[in-house]
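Engineer: Pasting a structure below so you can have a look.
Protein chains: 2
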Amino acid sequence: MRPTVHDIAAAAGVSLATVDRVLNQRPGVRHVTREKVENAIRQLGYIRDVAAANLAKGRTYPLVFILPASDNSFMHGLNAEIRQAILRSSAERTDIRTIEVSAFDPPALVSVLEGLSQEKRCGIAMVATDAPEVRDVVDRLVRAGFPIVTLVSDLTGSLRHHYAGIDNIAAGRTAARLLGRFLGARKGEIAVLAGSMLVRDHRERLEGFTSVMAEEFPDLTILPVLEGRDDPEVAHRLVTDALSHNAGIVGVYSLGAGNRGLIRALKEKSVDRTLTVVAHELTVHTRAALLDGTIDAILNQDAGHEVRSAIRVLKAKADGLAVIEAQERIRLDIFLKDNLP
Amino acid sequence: MRPTVHDIAAAAGVSLATVDRVLNQRPGVRHVTREKVENAIRQLGYIRDVAAANLAKGRTYPLVFILPASDNSFMHGLNAEIRQAILRSSAERTDIRTIEVSAFDPPALVSVLEGLSQEKRCGIAMVATDAPEVRDVVDRLVRAGFPIVTLVSDLTGSLRHHYAGIDNIAAGRTAARLLGRFLGARKGEIAVLAGSMLVRDHRERLEGFTSVMAEEFPDLTILPVLEGRDDPEVAHRLVTDALSHNAGIVGVYSLGAGNRGLIRALKEKSVDRTLTVVAHELTVHTRAALLDGTIDAILNQDAGHEVRSAIRVLKAKADGLAVIEAQERIRLDIFLKDNLP
DNA sequence: CCAAATTTGATGTACGTAAATCAAAAAATC
DNA sequence: GATTTTTTGATTTACGTACATCAAATTTGG
Chain G
101 MRPTVHDIAA AAGVSLATVD RVLNQRPGVR HVTREKVENA IRQLGYIRDV
151 AAANLAKGRT YPLVFILPAS DNSFMHGLNA EIRQAILRSS AERTDIRTIE
201 VSAFDPPALV SVLEGLSQEK RCGIAMVATD APEVRDVVDR LVRAGFPIVT
251 LVSDLTGSLR HHYAGIDNIA AGRTAARLLG RFLGARKGEI AVLAGSMLVR
301 DHRERLEGFT SVMAEEFPDL TILPVLEGRD DPEVAHRLVT DALSHNAGIV
351 GVYSLGAGNR GLIRALKEKS VDRTLTVVAH ELTVHTRAAL LDGTIDAILN
401 QDAGHEVRSA IRVLKAKADG LAVIEAQERI RLDIFLKDNL P
Chain W
101 MRPTVHDIAA AAGVSLATVD RVLNQRPGVR HVTREKVENA IRQLGYIRDV
151 AAANLAKGRT YPLVFILPAS DNSFMHGLNA EIRQAILRSS AERTDIRTIE
201 VSAFDPPALV SVLEGLSQEK RCGIAMVATD APEVRDVVDR LVRAGFPIVT
251 LVSDLTGSLR HHYAGIDNIA AGRTAARLLG RFLGARKGEI AVLAGSMLVR
301 DHRERLEGFT SVMAEEFPDL TILPVLEGRD DPEVAHRLVT DALSHNAGIV
351 GVYSLGAGNR GLIRALKEKS VDRTLTVVAH ELTVHTRAAL LDGTIDAILN
401 QDAGHEVRSA IRVLKAKADG LAVIEAQERI RLDIFLKDNL P
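These protein sequence lines are chains G and W, in that order.
Heads up, the first sequence is in this note's numbering, so the first residue is 101 and it goes up one at a time.
Heads up, the second sequence is in this note's numbering, so the first residue is 101 and it goes up one at a time.
This is the structure:
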């Protein structure tokens, strides 16, 4: 049986009330007494029963998800997962609310965060926009005791407690190796379709991609990046143009959203040639394209896992508890047509 | 605020004691009264507070892991993860014990299960050996109210509540496509190294592998399977022999354990030729081989995830609660040298 | 050494549920 | 209609923790 507060009180030779004061950091305990209690806690290996504590406190975990107002499948999926989490909130004692903030707009994000800093403490999960002023508010909030995790896109160099998302450099590198290996001995050009180079995750994916390409596949040259703004129409036009003007393209890496347009363009143009294509994010469109052979591999991050992980980490941080690191690592999923979920 | 037992009592116009009798399926409630209470539960959307209930009951979840006594890295890893879970057991209210049973030995497994059926009810996670007599005991245990999940290796056609493991046919198919695509236009022979064809997961991997090879890569022919019994020494000898006698081998698929021997054989023989190699299970050995280029891709199942998932599912089943299906799906991890954890 | 301030103890209530007891009411049986 | 059986109610204690109150003990300051 694990020790209870009563056991500590007995072991430390103090009353229950004193143990309570120490545990909950209430004033009115002399230094020596506090030490006695803390020693007893350590020796007995006491761990607070979080379930019982939450019951007594009537505690719920107020959580806020800050998401960019982007209209693409991935963000829709992320939103859906958060709604699922909200449905579970009574069982999980969470109280989740979401705030939309205009995309790639540091000042907007900063003002939302500053608004939160005025309210009572809550856990924050945010899709970060990478800017110094954002880092500053985040650091301030962390110092003020707010548990903060970044979601999907990280804020490196900040004090955020955790990042629930994939390693985007590794993702880009993996994409490059897959493309390179699938192309085998073929020489030619690779078209890269991104959303925007202003977004950190896209920049990182490109960085990883180009470095592996340069190191290991010198016969393949990367064309200037097409910025499709995660918009299917724009993507369609850019890819169509590129394929028309450049007969040497043998492969495509789509590292952002807006794959609907890419797929349409590929189908229109691929009658005359075979392209090897690696794209990000598993959606109804990319899934169909993988199955019909238009796309060769899909790299994916599991939005559901990211949301559940963010919630687990925020709750643990609010309680000052440790997390199971391996459990919270978001992996890069690689899907071929054979291992689709 | 979510409704409590008091709210139901009030709504149904009965006493707390009666609500308790209904909730915990105690006798002494007339049919009509039971219905009144059940209606109130449904209308108010009452959900039992599991934390409070467990506190009141002083409940722990007795769990048993039944594992084959196999001496390979994967089973060691699985064991390590179970030990980790045991360390967390006080916080998770679990009481975990493991039972080793000789590998690939249905009668031994059956007798262990029958022993458990005599004890008080507990959740069972087992690495199944696929045999009719095992299926029968499992079905009997499930009917007797034991929550049962299969781990790593499934028992299809049985009543087990859940399977915590990967889809091995999909794994084999994926391996075939990776090998085939990596080899590009090359023709030649593929060596397959398995542990034993008596194990269901190995059979399934081979099945998936051969079917994709046959369908999509007719220029590659599969050599007769080498059964390495998951033993490094045996594997080393078999692979060395195969490579010596057959100059046409261009690729290797290792679908079982004992990769240490495979890797040594490859290093000794690969001075004169380039092989494309796909292997299962990420261990220190396969990881190093992936990084130094001896292996091209590793397929993996995350033992930690499998153990945690099995525990979550068993607890949920014991409480009659639903699980988050997407969370419990064990995915096939594909590692290239760029996305190693 | 006395008064004031601080520290500690004792005790009770609460959270939502489980489980037990005993009395009272209702239903079924003869 | 009286008796037995079944069903229901009322009440209590418990789980491990949080939190509040008030009294008692101890320390501190003058």
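For every residue, glycine included, the Cβ atom is placed at its ideal position computed from N, Cα and C.
Only a predicted model underlies this, so the values are computations on that prediction, with no experimental measurement involved.
Given a limit of 8 angstroms on CB to CB distance, which residues of the segment 411-434 of chain W reach chain G?
Structural biologist: The segment 411-434 of chain W vs chain G, Cβ under 8 angstroms: Ile424, Ala426, Gln427, Arg429, Arg431, Leu432, Asp433, Ile434.
Engineer: Assuming Ser211(W) is part of the alpha helix (DSSP H), what are its boundary residues?
Structural biologist: Start and end: 206-218.
Engineer: State the start and end residues of the unbroken alpha helix (DSSP H) segment that holds Val312(G).
Structural biologist: Its alpha helix (DSSP H) spans residues 300-316.
Engineer: Along the beta strand (DSSP E) that carries His380(W), what are the first and last residues, could you check?
Structural biologist: Where His380(W) is concerned, the enclosing beta strand (DSSP E) stretches over 376-380.
Engineer: Using CA coordinates, which residue listed in Leu414(G), Arg102(G), Gly351(G) is at the minimum distance from Arg260(G)?
Structural biologist: Nearest of Leu414(G), Arg102(G), Gly351(G) to Arg260(G), Cα basis: Leu414(G).
Engineer: What are the residues in the segment 140-169 of chain G lying within 8 angstroms of chain W by C-beta distance?
Structural biologist: Here the close residues are Ile147, Asp149, Val150, Ala151, Ala152, Asn154, Leu155.
Engineer: When burial is assigned at 16 or more other CB atoms within 10 Å of the CB, is Leu278(G) buried or exposed?
Structural biologist: Label assigned to Leu278(G): buried.
Engineer: Any Cβ of chain W within less than 9 angstroms of the Cβ of Asp319(G)?
Structural biologist: Chain W contact via Cβ: absent.
Engineer: Per DSSP, which residues does Gly280(G) bridge with? Please list them.
Structural biologist: Answer by DSSP bridge pairing: none, since Gly280(G) is not bridged.
Engineer: Using the C-alpha atoms, what's the distance from Ala418(G) back to Arg300(G)?
Structural biologist: Between Arg300(G) and Ala418(G), the C-alpha separation is close to 28 angstroms.
Engineer: Which residues in chain G sit within 7 angstroms of Gly284(W), going by Cβ to Cβ distance?
Structural biologist: Within 7 angstroms Cβ-Cβ: Gly284, Ala285.
Engineer: Is it true that the CB of Asp330(W) sits closer than 9 angstroms to the CB of Gly308(W)?
Structural biologist: No. Outside cutoff.
Engineer: Please classify Glu406(W) as buried or exposed, where buried requires at least 16 neighbouring CB atoms within 10 angstroms.
Structural biologist: Buried, because 16 or more other Cβ atoms sit within 10 Å of the Cβ of Glu406(W).
Engineer: If you draw a straight line from the C-alpha of Glu219(W) to the C-alpha of Ile196(W), how long is it?
Structural biologist: Rounded to the nearest angstrom, the two C-alpha atoms are 15 angstroms apart.
Engineer: With 16 as the cutoff for other CB atoms within 10 Å, does Arg142(G) come out buried or exposed?
Structural biologist: Label assigned to Arg142(G): exposed.
Engineer: So which residues of chain G does Ser190(W) contact, with C-beta pairs closer than 7 angstroms?
Structural biologist: Per Cβ cutoff of 7 angstroms: Arg102, Ile147.
Engineer: For His262(W) and Leu255(W), what's the separation of their Cα atoms in angstroms?
Structural biologist: So the alpha carbons of these two residues sit roughly 10 angstroms apart.
Engineer: So, with DSSP's three-state summary, where would you put Asp120(G)?
Structural biologist: If DSSP states are grouped into helix, strand and coil, Asp120(G) belongs with the helices.
Engineer: How would you write the range of the alpha helix (DSSP H) that His131(W) sits in, first residue to last?
Structural biologist: Start and end: 131-144.
Engineer: Roughly how many whole angstroms lie between the Cα atoms of Arg175(W) and Asp149(W)?
Structural biologist: Checking the sequence shown, residue 175(W) turns out to be Met, not Arg. Their Cα atoms are separated by approximately 37 angstroms.
Engineer: Tell me the residue span of the alpha helix (DSSP H) that contains Phe174(W).
Structural biologist: Phe174(W) -> alpha helix (DSSP H) spans 173-187.
Engineer: What residues in the segment 293-323 of chain W have a beta carbon less than 7 angstroms from any beta carbon of chain G?
Structural biologist: Within the segment 293-323 of chain W, the qualifying residues are Val312.
Engineer: Taking Cβ-Cβ distances shorter than 7 angstroms, what residues in chain W pair up with Thr274(G)?
Structural biologist: Correct list: Leu436, Asp438, Asn439.
Engineer: I need the boundaries of the alpha helix (DSSP H) containing Pro332(W), first residue and last residue.
Structural biologist: Where Pro332(W) is concerned, the enclosing alpha helix (DSSP H) stretches over 332-345.
Engineer: What are the residues of the segment 373-387 of chain G that lie near chain W, defined by any Cβ-Cβ distance shorter than 8 angstroms?
Structural biologist: Within the segment 373-387 of chain G, no residue has a Cβ that lies closer than 8 angstroms to any Cβ of chain W.
Engineer: Count the other CB atoms, across all protein chains shown, that sit within 10 Å of the CB of Leu287(W); report buried if there are 16 or more and exposed otherwise.
Structural biologist: First, the residue type needs correcting, since residue 287(W) is Lys and not Leu in the sequence shown. Answer is exposed; the Cβ neighbour count stays below 16.
Engineer: Would you report the Cα separation of Ser258(G) and Thr118(G), rounded to the nearest angstrom?
Structural biologist: C-alpha separation (whole angstroms): 38 angstroms.
Engineer: Below 7 angstroms between beta carbons is the criterion; list the residues of the segment 247-268 of chain W that meet it against any residue of chain G, in chain order.
Structural biologist: Residues passing the 7 angstroms Cβ filter: none.
Engineer: Compare the C-beta of Gly404(G) with all C-beta atoms of chain W and state if any pair is closer than 9 angstroms.
Structural biologist: Chain W contact via Cβ: present.
Engineer: Should Leu278(W) be flagged as near chain G, meaning a C-beta pair shorter than 9 angstroms?
Structural biologist: Taking Cβ atoms only, chain G reaches closer than 9 angstroms to Leu278(W), which makes this a yes.
Engineer: Assess contact between the segment 218-238 of chain G and the segment 246-255 of chain G, defined as three or more Cβ pairs (one per stretch) separated by less than 8 angstroms. Is contact present?
Structural biologist: A contact exists between the segment 218-238 of chain G and the segment 246-255 of chain G.
Engineer: Start and end of the alpha helix (DSSP H) containing His405(W)?
Structural biologist: 403-419 is the extent of the alpha helix (DSSP H) around His405(W).
Engineer: Specify, as a first and last residue, the run of the beta strand (DSSP E) that Ile166(W) falls within.
Structural biologist: From DSSP, the beta strand (DSSP E) with Ile166(W) extends over 161-168.
Engineer: Among the candidates Val129(G), Gly393(G), Thr133(G), whose CA atom is the shortest distance from the CA of Ala111(G)?
Structural biologist: It is Thr133(G) whose Cα lies nearest to the Cα of Ala111(G).
Engineer: Exposed or buried, Arg458(G), counting other C-beta atoms within 10 Å across all chains shown (16 or more means buried)?
Structural biologist: Here chain G covers residues 101 to 441 and nothing more, so residue 458(G) does not appear.
Engineer: By the 10 Å Cβ neighbour count, where 16 or more other Cβ atoms means buried, how is Arg360(W) classified, buried or exposed?
Structural biologist: Burial call: buried.
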